[in-house]
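Structure record follows, encoded as structure tokens.
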Amino acid sequence: MSTVYLNGSYLPREDAHISPDDRGFLLGDGVYEVTPFYDGVPFCLDRHLDRLRRGLEWMRIELDVGALDEVHRRLIAENGLSDAPTALVYLQVTRGAAPRTHYFPPEPVPPTVYAYAKAWNRPAPERWERGFTAVTVPDRRWSRVDIKTICLLPNAMAFQEALDRGADDALLVRDGVAIEGAHMNFWGVFDGVAVTHPCTNHILPGITRGVVLELAREASIPCRERPIQVEELRSADELFFTGTTGEVRPCVEVDGVKVGDGRVGPVTRRLAELFRARIEAVKAEAAALSS
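Just so we're aligned: the sequence shown equals residues 54 to 344 in the numbering used here.
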């Protein structure tokens with residue numbers, strides 16, 4: 054029986070109940086975050102909470118985000134995940150329960166705060182080595198993708214279309230540009246330069262994306278933030294996605310066409326190694342602080 058967090062209480066999942074008048078349920082009026090833990094150690098929790106804070110401020114939902122650090126750590130502990138190689142905490146905040154209107158409640162209501170923890174698994178090494186496939190799908194999302202809202206219907210429809218077409222991932226295309234995946238940021242490698250879309254209102258500023266950019270620059274791997282035209286995909290040396298549970302995920306085929314030689318490329322491989330090394334460094338730092 055898993056323990057979840059709901060509005061200040063830790064309780065069995067079966068006992069967690071949310072009002073049918075909750076604006077998240079009725080209107081998708083909320084934001085969320087997913088934070089990874091490695092052997093019980095959070096990875097970039099501060100960055101996830103900062104992004105959550107920005108989203109809440111933009112949506113004009115008042116909440117003390119600082120108190121949520123402890124919620125994450127306690128959920129990992131109470132669900133027996135302190136020794137799990139890979140786990141996550143999902144956190145969702147909605148505007149709260151109020152009569153359904155297309156405007157905010159005239160009288161302030163407490164936001165609904167819900168969170169749970171669970172384990173997740175990386176792909177087996179041999180599966181990662183084979184790489185993953187993607188298909189291009191029109192980007193039908195709204196114009197504020199940079200706000201991590203719970204309104205994910207376009208993402209879910211795109212991902213389902215990819216699965217229906219026999220692919221592993223969906224690559225969203227807007228105005229001829231390969232923007233990002235349905236749930237991960239997107240990268241290409243052209244003549245040894247790692248390229249990803251710049252942070253605009255049309256992409257989510259991924260935490261993993263930011264870390265990978267830092268790692269690339271520290272390792273003197275050339276990188277650039279610019280739009281990737283769909284026509285460029287056929288000339289890319291490598292393609293990959295980055296995300297919280299995807300980490301660095303190689304893409305070796307798009308729309309049935311091989312990327313480069315159809316194998317995981319050296320830049321993708323190197324960035325994945327650097328990302329894993331950063332995780333180990335964070336774990337070592339946490340161990341040193343607790344000793």
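Ideal placement from N, C-alpha and C gives every residue a C-beta, glycine not left out.
Since the structure is predicted, the reported quantities are computational estimates derived from the model, not experimental observations.
Inset, instruction - Throw me the rounded Cβ distance for the residue 104 and residue 258 pair, which I believe falls under 8 angstroms. - result: Residue numbering aside, residue 104 sits at position 51 when the sequence shown is read from its first letter. Residue numbering aside, residue 258 sits at position 205 when the sequence shown is read from its first letter. Sure, about 7 angstroms apart at Cβ, within 8 angstroms.
Inset, instruction - Can you tell me the Cβ-Cβ gap for residue 220 and residue 177, rounded? I've got them flagged as a contact below 8 angstroms. - result: Numbered from its first residue, the sequence shown carries residue 220 at position 167. Numbered from its first residue, the sequence shown carries residue 177 at position 124. Rounded, the Cβ-Cβ distance is 19 angstroms, inconsistent with contact.
Inset, instruction - Go to residue 233, then tell me how far its beta strand (DSSP E) extends in each direction, as first and last residue. - result: Translated into positions along the sequence shown, residue 233 becomes position 180. Unbroken beta strand (DSSP E) run through residue 233: 230-234.
Inset, instruction - With DSSP as the reference, label residue 108 as helix, strand or coil. - result: As a first step, residue 108 must be located in the sequence shown, where it is residue number 55. Correct three-state label for residue 108: helix.
Inset, instruction - Decide yes or no for the touch test of the segment 222-238 against the segment 281-292: beta carbon pairs closer than 8 angstroms, at least 3 of them. - result: yes
Legend entry - residue 190 beta carbon less than 8 angstroms from that of residue 215: Your numbering for residue 215 matches position 162 in the sequence shown. Your numbering for residue 190 matches position 137 in the sequence shown. Contact: yes.
Legend entry - Euclidean distance between Cα positions of residue 163 and residue 109: Taking the first residue of the sequence shown as 1, we reach residue 163 at position 110. Taking the first residue of the sequence shown as 1, we reach residue 109 at position 56. Cα to Cα, residue 163 sits roughly 13 angstroms from residue 109.
Legend entry - Enclosing alpha helix (DSSP H) for residue 77 [first to last residue]: Here residue 77 corresponds to residue number 24 of the sequence shown, with the count starting at 1. Where residue 77 is concerned, the enclosing alpha helix (DSSP H) stretches over 76-80.
Legend entry - Length of the line joining the Cα atoms of residue 184 and residue 330: Translated into positions along the sequence shown, residue 184 becomes position 131. Translated into positions along the sequence shown, residue 330 becomes position 277. Those two C-alpha atoms are separated by around 20 angstroms.
Legend entry - Close Cβ partners of residue 288 (< 6 angstroms) along its chain, the five nearest in sequence each way excluded: As a first step, residue 288 is located in the sequence shown; it is residue number 235 there, counting from the start. Same-chain partners within the cutoff: there are none.
Inset, instruction - Provide the residue(s) that pair with residue 162 in DSSP beta bridges, ordered along the chain. - result: Your numbering for residue 162 matches position 109 in the sequence shown. Note: residue 162 sits in no beta bridge, so no partner.
Inset, instruction - Report the residue ranges of all alpha helix (DSSP H) runs contained in full by the segment 237-314; include only those spanning at least 4 residues, in chain order. - result: 260-271
Legend entry - Beta-carbon proximity list for residue 132, same chain, < 6 angstroms, skipping 5 on both sides: Position 79 of the sequence shown, counting from 1, holds the residue named residue 132. Hits under 6 angstroms: 55, 56 and 170.
Legend entry - Residues that DSSP places opposite residue 189 in a beta bridge: Locating residue 189 in the sequence shown gives position 136, counting from the first residue. Answer by DSSP bridge pairing, in chain order: 224.
Inset, instruction - With distances taken Cα to Cα, identify the nearest neighbour of residue 123 among 217, 311, 95 and 243. - result: Stepping through the sequence shown from its first residue, residue 123 is reached at position 70. With distances taken between Cα atoms, residue 123 lies closest to 95.
Legend entry - Contact between the segment 60-79 and the segment 144-155 (3+ Cβ pairs under 8 angstroms): yes
Inset, instruction - Leaving out five residues on either side along the sequence, give the residues of the same chain with a beta carbon under 7 angstroms from the beta carbon of residue 310. - result: Against the sequence shown, residue 310 aligns to sequence position 257. The residues are 287.
Inset, instruction - May I ask you to verify whether the segment 318-326 touches the segment 190-201, counting CB pairs closer than 8 angstroms and requiring at least 3? - result: no
Legend entry - Distance, residue 250 Cα to residue 279 Cα: The sequence position of residue 279 within the sequence shown is 226, counting from 1. The sequence position of residue 250 within the sequence shown is 197, counting from 1. Whole-angstrom Cα-Cα distance: 5 angstroms.
Inset, instruction - Please report how far the alpha carbon of residue 68 lies from the alpha carbon of residue 305, in whole angstroms. - result: The sequence position of residue 68 within the sequence shown is 15, counting from 1. The sequence position of residue 305 within the sequence shown is 252, counting from 1. About 44 angstroms.
Inset, instruction - Thinking residue 211 and residue 225 are a contact (beta carbons under 8 angstroms), I'd like their distance in whole angstroms, please. - result: On the sequence shown, position 158 is the one that residue 211 refers to. On the sequence shown, position 172 is the one that residue 225 refers to. With 8 angstroms as the limit, residue 211 and residue 225 qualify as a contact, their Cβ atoms being about 6 angstroms apart.
Inset, instruction - Give the DSSP-derived three-state secondary structure of residue 339 in the structure shown. - result: Indexing the sequence shown from 1 puts residue 339 at position 286. Residue 339: helix per DSSP, three-state reduction.
Inset, instruction - Go ahead and pull the three-state DSSP assignment for residue 115. - result: Working through the sequence shown from its first residue, we reach residue 115 at position 62. Residue state, collapsed to three classes: coil.
Inset, instruction - Mark residue 269 as exposed unless 16 or more other C-beta atoms lie within 10 angstroms of its C-beta, in which case mark it buried. - result: One-based indexing of the sequence shown puts residue 269 at position 216. Answer is buried; the Cβ neighbour count reaches 16.
Legend entry - Contact check, residue 296 vs residue 254, beta carbons under 8 angstroms: The residue labelled residue 296 in the question sits at position 243 within the sequence shown. The residue labelled residue 254 in the question sits at position 201 within the sequence shown. Their beta carbons are not under 8 angstroms apart, which means residue 296 does not touch residue 254 by this criterion.
Inset, instruction - Out of 165, 100 and 90, point me to the one whose CA is closest to residue 61's CA. - result: Within the sequence shown, residue 61 is the residue found at index 8, counting from 1. Of 165, 100 and 90, the residue nearest in Cα terms is 165.
Inset, instruction - Output yes if chain D places a C-beta closer than 8 angstroms to the C-beta of residue 165; else output no. - result: In summary, chain D is missing from the structure at hand, where a single protein chain is found.
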